[in-house]
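Right, one structure below, let's go through it.
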Amino acid sequence: MSKSYSYDSFLYGVVYYPEQWPESRWDSEFARIAATGMNVVRMREGARSVLEPEDGRYDFALFDRALELCQKHGLKAIMGTPTYAPPAWLTERYPEVLRVSFAGIRLTHGSRRHYNYTSSIYRQKSLAITEALAAHYRDHPAVIGWQIDNELNCHLDVSFAPSDHECFRVWCQERYGTLAALNQSWGTAFWSQTYTGWDQVWLPRPTVTYQNPGLLLDFYRFTSDMTIRFGAMQRQIIQRIAPHQFVTHNAFQSMTSVDLSKFVQEAVDFVSYDSYPEFKVCDLTLPPDFRDRSESRLLSRMRGVSPKFMVLEQQSGPSGQIGGVLNGNPDYLHPTPKPGQMRLWCWNSIAHGADGLLYFR
């Protein structure tokens, strides 16, 4: 961390999405948030279609009005960069930004996290809106910091688009310098896997049997590096334009594929975490005796890589949603917390060192 932050009180708040509610309700809802003793809200990370309804045309008026009400009620704001859910106009006009599955199928619009980190077009579009937002809100008295993107690598942490393969070749050239060094490291003499040209090097693709373990290891390293670079490019813009506002990211349990120590050094001022204990309790892939302890393990991991950290999403009700299977469990929509359970979860986060806590939603 390169910055030091000090606030008069513990940062305590809620995630609030004004674009999803009638504007007639905003004032009374912000008033209720403040009346509970909360002092901060997070907003905007999923509102790309509101902020940029057409290519290159920005409209921040809705959030300007929401921030006026934050000021009225004494609330600070953490603003999200809206890069984790590209709008339909973007994916329709630039289909090359979409992720491609291991089987070579291009994934479609209609969910979230459907972009790939290596698309030059998507990086340009992400840089442009991040720069516009940072310039617009750098002097706003209610804005104290930024959350870049949202839950990087949640749902899916890999992509096999043409740009991913191209970037992997460049990454390998930077790492090894020569094909001889790559062949030596990967042990390609076995099974006649030796490469004689860089255009023969690909990310893992469907094969008859086992993948080369050296290739797989570098694939995991590459995936981590591309994630970090995507976050770091946003941080660099915000640091240049609004150096007094912090930059964080809400890491989720799915960020196990990322070198978090490196991520904290390059992509954020400090890391944050999204705490959903029931995801672990209902995780059928974990041993039963371990499930209720997994959340504490993850909180300890956050503190281990970032002595200052926040919980930007604390579970505040049933988690999950209808229509999916998570960690082998078809009951993706988890039950309502028992009386006192939310209080226990919050104190668990704080006891593990959280410097702030926001409920979702």
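All residue numbers for the sequence shown refer to our numbering, where the first residue is 100 and numbers rise by one.
Even for Gly, the Cβ is constructed at its ideal location relative to N, Cα and C.
If you're wondering where the values come from, they're calculated on a predicted model, not measured in any experiment.
The continuous alpha helix (DSSP H) containing Met441 extends over residues Gln440 to Ala450. Ranking Val140, Tyr221, Ser123 and Glu118 by CA distance to the CA of Gly112 puts Val140 first.
Non-local C-beta neighbours of Leu150 in its own chain, meaning closer than 7 Å and more than five positions away in sequence, comprise Tyr157, Asp158, Phe159, Pro181 and Ile228, ordered along the chain. Look at Val370 here: in three-state DSSP terms it is coil, with no helix or strand label. The way I'd put it, the region 217-227 does touch the region 189-197; three or more beta-carbon pairs between them come closer than 8 Å. The Cβ-Cβ distance between Tyr216 and Phe329 falls below 8 Å. Closest by C-alpha distance to Arg320, out of Leu302, Ala241 and Pro406, is Leu302. Note that the C-beta distance between Tyr375 and Met401 is not below 8 Å. Per the Cβ contact rule, the region 331-339 is not in contact with the region 305-312 (fewer than 3 Cβ pairs under 8 Å).
Under the three-pair Cβ rule at 8 Å, the region 436-456 counts as touching the region 391-410. For Leu456, the beta-bridge partners assigned by DSSP are Tyr111 and Val410. In the structure shown, the three-state DSSP call for Arg205 is strand. Per the DSSP secondary-structure output, Leu197 pairs in a beta bridge with Tyr214. When C-beta atoms of the region 246-258 are compared with those of the region 112-123, fewer than three pairs fall below 8 Å, so the two segments do not count as touching. Per DSSP, Gln420 is not a residue of any alpha helix (DSSP H), being assigned neither H nor E. Judged by beta-carbon spacing, Ile340 lies beyond the 8 Å limit of Glu365, meaning their Cβ atoms are not closer than that value. Assignment of Ala260 by DSSP, reduced to helix, strand and coil, places it in the coil class.
Straight-line spacing of the CA atoms in Arg460 and Glu153 works out to 28 Å. By alpha-carbon distance to Cys266, the top candidate from Asp324, Met354 and His343 is Asp324. The residue among His208, Arg237, Gln283 and Ser356 with its C-alpha nearest the C-alpha of Asp163 is Arg237. According to the DSSP secondary-structure assignment, Phe345 is paired through a beta bridge with Gly244. Closest in alpha carbon position to Ser210, among Met332, Gln420 and Thr277, is Gln420.
Going by DSSP, Val149 is part of the alpha helix (DSSP H) stretching over Arg147 to Leu150. Per DSSP, Gly313 is one residue of the alpha helix (DSSP H) stretching across Pro312 to Ile340. Within a 10 Å sphere around the beta-carbon of Ile204 sit fewer than 16 other beta-carbons, which makes this residue exposed. Setting aside the 5 residues that flank it on each side, Tyr193 is surrounded in the same chain by Ile220, each with a C-beta closer than 6 Å to its C-beta; the list follows chain order.
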